[in-house]
Amino acid sequence: MIQYIRSVIFIIQMYAAMAIMAVYYTPLAILRRDAAYDAVRTYCRYVRWSARWLVGLRSEVRGEIPTGEVIIASKHQSFFDIILIVSEVPRPKFIMKASLVYAPILGWFALRIGCVPVNRGKRAEAIRQMMRGVTAGDAPAGQLIIYPQGTRVAPGVDKPYKVGTAVIYEETGQICVPAATNVGVFWPRQGLLRKPGLAVVEFLPPIPPGRDRNAFMEDLEREIETASDALMRDAGFPLT
């Protein structure tokens, strides 16, 4: 019960901090895009700090931090893996659900840093939307973060990898950095309880451009799932 109360307090102050920082950073971000990156990075680092002190959830980002124009293909288990990645990479931008554009504060800042909204539905149209957003002439350079499974996936749940990551990898000719995580063990995709422990996002060895699509997808899934399973086992999650 005490941990649940602490979790609720944490969530309330987390969103309150978002509103307070938006008041300060929005005028600056309107004038210059770099202020939007400063805002999201500062907010994410604050969330990590407050999670540690309010609910006992420590966090760590392992591996070499990607820089330059690269694709980051990450396991996605909850909002917290977004927090960890954005707190460290210099110029993050996401392939995100189009509905998030309408989220207060979050939606505007997401567009300002170059996130690409995509309507879920027919696969071909979603891929065309992705590529238009990624290759647009005014798209800011940076680290493009995509979730190969297309959504948050709870620990222990199997969900297929979608082809969109491979299409972007082929069309851009960029390096792809896989990323594994165990955050869902402590911060679930649904519910209010935040558990104490060590949440990790781990950047894995990059996949160079030019791989065959099928080989790329096989390597990507194997690397991400193997590393994520290892992190979850280390966190005490019982995988079969």
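Residue numbers (the numbering used here): 1 to 240. All C-beta atoms, glycine included, are put in the ideal place defined by N, C-alpha and C. Here the structure is a predicted model, which is why all the values come from computation and not from measurement.
Endpoints, the alpha helix (DSSP H) within which residue i is located
i, result
"I225", "Before going further, note that residue 225 is Glu rather than Ile in the sequence given. Run containing E225: 213–234, per the alpha helix (DSSP H) assignment."
"P27", "2–31"
"R112", "106–112"
"F80", "79–88"
"V167", "164–172"
Residue of the options minimising C-alpha distance to residue i
i, options, result
"W181", "A235, A35, T26", "Trp is not the amino acid found at residue 181; the sequence shown has Thr there. The residue with the shortest Cα to Cα distance from T181 is A235."
"K97", "A110, D81, I83, V118", "V118"
"R213", "P238, E171, R233, P196", "E171"
"I105", "P140, T151, E225, Y43", "Y43"
"E69", "R32, P160, M217, I175", "I175"
"Y37", "G114, Y102, V200, G63", "G114"
"P188", "I168, P155, R33", "P155"
"E318", "E202, K159, S87, G191", "The structure shown does not extend to residue 318, since the chain spans only 1 to 240, so no value can be given for it."
"V200", "R222, Y102, L231, V116", "L231"
N- and C-terminal bounds of the beta strand (DSSP E) containing residue i
i, result
"T181", "176–181"
"I145", "143–146"
"A199", "197–203"
"A73", "70–74"
"I207", "Unbroken run through I207: none, as it is neither H nor E."
"E64", "Here E64 belongs to no beta strand (DSSP E), and DSSP marks it neither H nor E."
"F94", "92–97"
"P238", "Counting along the chain, P238 falls outside any beta strand (DSSP E), and DSSP gives it neither H nor E."
Cβ-Cβ distance between residue i and residue j below 9 Å
i, j, result
"A227", "L204", "yes"
"P92", "I146", "no"
"V55", "R6", "yes"
"Q13", "P66", "no"
"G173", "P209", "yes"
"S87", "R41", "yes"
"A169", "F216", "Looking at the sequence provided, one finds Tyr at residue 169 rather than Ala. Yes, they are a contact pair."
Whole-number beta carbon distance between residue j and residue i, since they are thought to touch under 8 Å
i, j, result
"P206", "V183", "Actually they are not in contact, since the Cβ atoms of P206 and V183 sit about 22 Å apart, beyond 8 Å."
"I72", "A179", "6 Å"
"F10", "A51", "6 Å"
Three CB pairs or more closer than 8 Å across the segment 162–176 and the segment 51–60: no
Would the segment 43–57 and the segment 17–29 be scored as touching if the rule is three or more Cβ pairs under 8 Å? Taking 8 Å as the limit for Cβ pairs, the verdict is that the segment 17–29 does touch the segment 43–57.
Specify whether the segment 147–162 and the segment 69–87 touch according to this definition: at least 3 beta carbon pairs, one from each stretch, less than 8 Å apart. yes
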